[in-house]
Amino acid sequence: MLNIWLGAAALLAVLAACLIGSTPMAPGRLAAALIGAGTPGDEIVLWEIRMPRAMAAFVVGASLGLCGAALQGLLRNPLAEPGILGVSATAALGATLALFYGAAGVSALAAPVAAIIGAIAATFVLAFAAMRTSSVVTLILIGVGLSSFAGAVMALLLNLAPNPFTLSDLINWTLGTVTNRSFGDIGLVAPFMIAGLVLIIAARRSLSALTLGEEAAHGLGVNLQRTRMFIVIGAGLMSGAAVSIAGAIGFVGIVAPHLVRPLVGYDPARTLAPAALAGGIMLVLADIGVRLLPTPAELRLGVVAALIGAPLFVWIAMKRRPVND
Amino acid sequence: MTELKLENLSVCVGGATLVKDASTRLGAGELVALIGPNGAGKTTLLKCALGLLAPASGTATINGVPTLNLSPVERARAVAYLPQMRPLAWPVRVKDVIALGRFAYGASMTNLKGADAAAVKRALAQCDLADLAERRMDTLSGGELARVHCARALAVEAPLLLADEPIASLDPRHQLAVMALMRGFAHKGGGALVVVHDIAIAARFADRLVWMKDGEIIADGPPAQTLTRERMRHVFEVDATVSTDGASSVLTINGLA
Numbered sequence: 001m002l003n004i005w006l007g008a009a010a011l012l013a014v015l016a017a018c019l020i021g022s023t024p025m026a027p028g029r030l031a032a033a034l035i036g037a038g039t040p041g042d043e044i045v046l047w048e049i050r051m052p053r054a055m056a057a058f059v060v061g062a063s064l065g066l067c068g069a070a071l072q073g074l075l076r077n078p079l080a081e082p083g084i085l086g087v088s089a090t091a092a093l094g095a096t097l098a099l100f101y102g103a104a105g106v107s108a109l110a111a112p113v114a115a116i117i118g119a120i121a122a123t124f125v126l127a128f129a130a131m132r133t134s135s136v137v138t139l140i141l142i143g144v145g146l147s148s149f150a151g152a153v154m155a156l157l158l159n160l161a162p163n164p165f166t167l168s169d170l171i172n173w174t175l176g177t178v179t180n181r182s183f184g185d186i187g188l189v190a191p192f193m194i195a196g197l198v199l200i201i202a203a204r205r206s207l208s209a210l211t212l213g214e215e216a217a218h219g220l221g222v223n224l225q226r227t228r229m230f231i232v233i234g235a236g237l238m239s240g241a242a243v244s245i246a247g248a249i250g251f252v253g254i255v256a257p258h259l260v261r262p263l264v265g266y267d268p269a270r271t272l273a274p275a276a277l278a279g280g281i282m283l284v285l286a287d288i289g290v291r292l293l294p295t296p297a298e299l300r301l302g303v304v305a306a307l308i309g310a311p312l313f314v315w316i317a318m319k320r321r322p323v324n325d
Numbered sequence: 326m327t328e329l330k331l332e333n334l335s336v337c338v339g340g341a342t343l344v345k346d347a348s349t350r351l352g353a354g355e356l357v358a359l360i361g362p363n364g365a366g367k368t369t370l371l372k373c374a375l376g377l378l379a380p381a382s383g384t385a386t387i388n389g390v391p392t393l394n395l396s397p398v399e400r401a402r403a404v405a406y407l408p409q410m411r412p413l414a415w416p417v418r419v420k421d422v423i424a425l426g427r428f429a430y431g432a433s434m435t436n437l438k439g440a441d442a443a444a445v446k447r448a449l450a451q452c453d454l455a456d457l458a459e460r461r462m463d464t465l466s467g468g469e470l471a472r473v474h475c476a477r478a479l480a481v482e483a484p485l486l487l488a489d490e491p492i493a494s495l496d497p498r499h500q501l502a503v504m505a506l507m508r509g510f511a512h513k514g515g516g517a518l519v520v521v522h523d524i525a526i527a528a529r530f531a532d533r534l535v536w537m538k539d540g541e542i543i544a545d546g547p548p549a550q551t552l553t554r555e556r557m558r559h560v561f562e563v564d565a566t567v568s569t570d571g572a573s574s575v576l577t578i579n580g581l582a
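Residue numbers (my numbering), protein chains in the order written: chain U, 1 to 325; chain H, 326 to 582.
In structure tokens:
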């Protein structure tokens with residue numbers, strides 16, 4: 001039921017996002033363009049510009065929301081998010097490296113592909129660790145290490161940027177945006193997202209069992225190492241793909257699961273779907289906000305997400321009940 | 326008939342030998358208390374019996390199959406495990422925690438069907454938790470929490486149950502209530518191996534006492550045969566008086582030995 005409501009809200013949010021833009025388009029013209037009966041101009045604006053942008057925001061938000069819920073279930077910590085495992089940062093680093101060395105001039109797909117390669121490199125390191133260690137803390141620490149290293153290399157690249165154009169490209173990746181995204185950008189990473197989704201769904205019941213801690217979950221019949229592998233690789237694929245569409249966007253993965261968790265009785269498995277939908281809605285709405293705000297230069301989506309998300313994150317952390325974990 | 330057999334188990338972790346050449350068995354219809362001072366290797370022995378830890382030598386088998394070779398689901402269906410540490414990541418409801426006992430049968434936490442729902446209902450009734458089923462775990466007292474975790478282990482309806490200190494930090498009434506649940510489990514044909522620190526309670530409820538000291542099992546038998554003044558002095562370094570009251574042994578601890 002909750003998922004139906006959220007799904008309807010997501011649909012409305014995407015439609016609302018399609019109504020807004022530099023060319024005014026009345027709902028009637030939007031409806032005509034949606035069913036293929038609009039003017040060629042309207043249809044180009046809708047299908048080439050607004051719909052891809054809205055879908056990109058939704059897909060990125062949904063991936064981050066789902067990854068957040070999955071990682072929080074695995075690590076039993078409501079403050080976990082895709083960034084914590086260092087995959088977002090490493091993916092952004094991959095994209096940044098491609099831009100810095102001019103690969104983006106060779107092919108428009110170079111940066112997204114590099115981001116996915118970065119994400120997979122990070123997930124490989126994490127998966128290797130997950131096979132060898134039984135400690136979740138170790139995984140988090142490896143994530144912190146990966147993030148710090150990726151951040152340091154990115155800072156180095158910013159420092160060495162040869163010209164202002166490269167600099168502005170780099171900033172796009174670090175701040176996050178869905179401006180000028182095409183269906184091609186989404187389609188390119190869709191297989192990775194679907195693979196990640198399948199892995200996370202396959203491990204969802206084990207996330208519920210982990211509510212009782214790793215030892216009890218093991219006793220209940222959870223294959224701990226397999227669960228860790230599935231969630232780490234699944235979240236790596238999905239968040240890496242999300243970064244490759246929109247750059248690094250934070251906090252969606254923390255806030256979305258937090259909002260829906262009480263509505264599903266705190267069951268980590270049942271948190272996944274509504275967290276994805278809520279994450280998608282949040283980012284579509286944030287992107288509408290980006291376009292409506294009368295600022296001289298359009299705000300970056302990642303900046304708006306952080307402006308709303310960071311205070312919420314602090315609030316969640318402060319009112320977190322002392323649970324023994 | 327499911328039987329857990331430990332044969333000459335030794336466990337080494339980081340160069341230290343935590344369990345040395347331990348052998349015992351757990352069969353249907355018996356309640357066995359595993360007793361010994363802190364650090365004697367009781368928890369390690371349980372984990373090794375479950376296949377959560379690999380032994381350096383020796384074997385732990387369930388009906389002849391090494392527990393290490395069982396898949397997690399096969400093992401979980403044969404042995405329910407109640408660990409000493411019972412963290413809770415999310416403030417879920419009582420019935421959801423108990424529903425997790427049905428994990429090995431494919432049940433989901435908040436959407437139970439058929440046989441799983443029936444098993445959870447039985448566990449709730451056995452542990453006198455029917456009225457608390459909808460309560461959130463973070464609103465319960467220590468005694469209630471202990472009963473919920475017992476119910477979770479009983480809901481597995483496995484032939485064997487290993488419980489690590491199920492009555493630690495409970496008041497006398499709840500200690501007796503939880504031990505009665507273990508006794509009831511054995512009475513219905515289950516085999517329970519329970520780590521208990523209250524020797525008087527262990528002697529009162531258990532069919533056998535398995536005594537551990539410094540990683541070794543030094544005695545294994547009914548309370549009437551193994552609970553003696555000398556053994557209390559040797560294992561726990563306390564001076565105690567053992568008397569009999571009808572069929573059961575009564576223990577009085579007088580002081581440090």
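The beta carbon of each residue, even a glycine, is placed where N, CA and C say it ideally should be.
Enclosing beta strand (DSSP E) for residue i [first to last residue]
i	result
Met537 (chain H)	Arg533 to Lys538
Gly580 (chain H)	Ser573 to Leu581
Ser382 (chain H)	Ser382 to Ile387
Val404 (chain H)	Val404 to Leu407
Leu334 (chain H)	Leu329 to Val338
Gly516 (chain H)	Gly516 to Val520
Euclidean distance between Cα positions of residue i and residue j
i	j	result
Val535 (chain H)	Ala476 (chain H)	25 Å
Met25 (chain U)	Thr211 (chain U)	49 Å
Glu214 (chain U)	Leu224 (chain U)	7 Å
Glu332 (chain H)	Ala92 (chain U)	54 Å
Ala448 (chain H)	Pro380 (chain H)	33 Å
Val323 (chain U)	Ala365 (chain H)	Residue placement at Val323 (chain U) is flagged as unreliable, the pLDDT there being 48, under the threshold of 50; the coordinate-derived value follows with that caveat. Distance between the alpha carbons of Val323 (chain U) and Ala365 (chain H) is about 29 Å.
Cys373 (chain H)	Ala385 (chain H)	7 Å
Val178 (chain U)	Ala306 (chain U)	15 Å
Trp5 (chain U)	Val255 (chain U)	18 Å
Asp325 (chain U)	Leu139 (chain U)	Its pLDDT being 40, under 50, Asp325 (chain U) is placed unreliably in this model, and the coordinates cannot settle the point.
Asn180 (chain U)	Leu141 (chain U)	36 Å
Val563 (chain H)	Arg556 (chain H)	9 Å
Val357 (chain H)	Thr551 (chain H)	13 Å
Ser208 (chain U)	Gly571 (chain H)	48 Å
Ser335 (chain H)	Ala403 (chain H)	23 Å
Leu75 (chain U)	Asp185 (chain U)	31 Å
Ala582 (chain H)	Asn363 (chain H)	17 Å
Val473 (chain H)	Ile423 (chain H)	7 Å
Leu167 (chain U)	Ala161 (chain U)	6 Å
Pro78 (chain U)	His258 (chain U)	7 Å
Tyr406 (chain H)	Leu299 (chain U)	54 Å
Arg53 (chain U)	Tyr430 (chain H)	44 Å
Leu292 (chain U)	Ala9 (chain U)	19 Å
Boundaries of the alpha helix (DSSP H) in which residue i is found, first to last residue
i	result
Lys420 (chain H)	Val419 to Ala424
Arg556 (chain H)	Arg554 to Phe561
Gly221 (chain U)	It is not in any alpha helix (DSSP H) - Gly221 (chain U) carries neither H nor E in the DSSP assignment.
Lys345 (chain H)	Counting along the chain, Lys345 (chain H) falls outside any alpha helix (DSSP H), though it belongs to the beta strand (DSSP E) covering Ala341 to Leu351.
Ala505 (chain H)	Pro497 to His512
Leu2 (chain U)	Leu2 to Leu19
Ala54 (chain U)	Met51 to Leu75
Ser489 (chain H)	A small fix is needed here, since residue 489 (chain H) is Asp in this sequence, not Ser. Where Asp489 (chain H) is concerned, there is no enclosing alpha helix (DSSP H), although the beta strand (DSSP E) it sits in stretches over Leu485 to Asp489.
Ile492 (chain H)	Note, Ile492 (chain H): premise wrong, no alpha helix (DSSP H); not H, not E.
Ile200 (chain U)	Phe183 to Ala202
Thr96 (chain U)	Val87 to Phe100
Phe530 (chain H)	Ile524 to Phe530
Beta bridge counterpart(s) of residue i as assigned by DSSP
i	result
Asp545 (chain H)	H:Val535
Gly360 (chain H)	In the sequence as presented, Gly is not what sits at residue 360 (chain H); that position holds Ile. Answer is H:Trp536.
Ser568 (chain H)	H:Val575
Pro391 (chain H)	H:Thr386
Gly28 (chain U)	Per DSSP, none; premise fails for Gly28 (chain U).
Ser323 (chain H)	As shown, chain H starts at 326 and ends at 582. That puts residue 323 (chain H) outside it, with no answer to give.
Arg461 (chain H)	H:Arg418
Spatially closest choice to residue i from the options, by CA coordinates
i	options	result
Leu329 (chain H)	H:Phe530, H:Ile578 and H:Ala517	H:Ala517
Ala586 (chain H)	H:Gly540, H:Thr435, H:Ala347 and H:Lys513	What is shown of chain H runs 326 to 582, which leaves residue 586 (chain H) out entirely.
Ala235 (chain U)	U:Ala246, U:Ile249, U:Met193 and U:Pro257	U:Met193
Ile281 (chain U)	U:Asp42, U:Pro296 and U:Val59	U:Val59
Ala114 (chain U)	U:Ser206, U:Ile245 and U:Ile84	U:Ile245
Members of the region 249 to 280 of chain U that neighbour chain H once the beta carbon cut-off is set at 8 Å = Arg261, Val264, Gly265, Tyr266, Asp267, Pro268, Ala269 and Arg270
Return the residues of the region 395 to 417 of chain H that lie within a Cβ-Cβ distance of less than 9 Å from chain U, sorted by chain order.
-> Cβ contacts with chain U: Ser396, Pro397, Val398, Glu399, Arg400, Ala401, Arg402, Val404, Ala405, Tyr406, Leu407, Pro408, Gln409, Met410, Arg411, Pro412, Leu413, Ala414, Trp415, Pro416 and Val417.
Against chain U: residues of the region 551 to 570 of chain H by CB proximity under 9 Å = Within the region 551 to 570 of chain H, no residue has its Cβ closer than 9 Å to any Cβ of chain U.
Mind listing which residues of the region 350 to 373 of chain H have their C-beta closer than 9 Å to chain U's C-betas, in chain order?
-> Lys372
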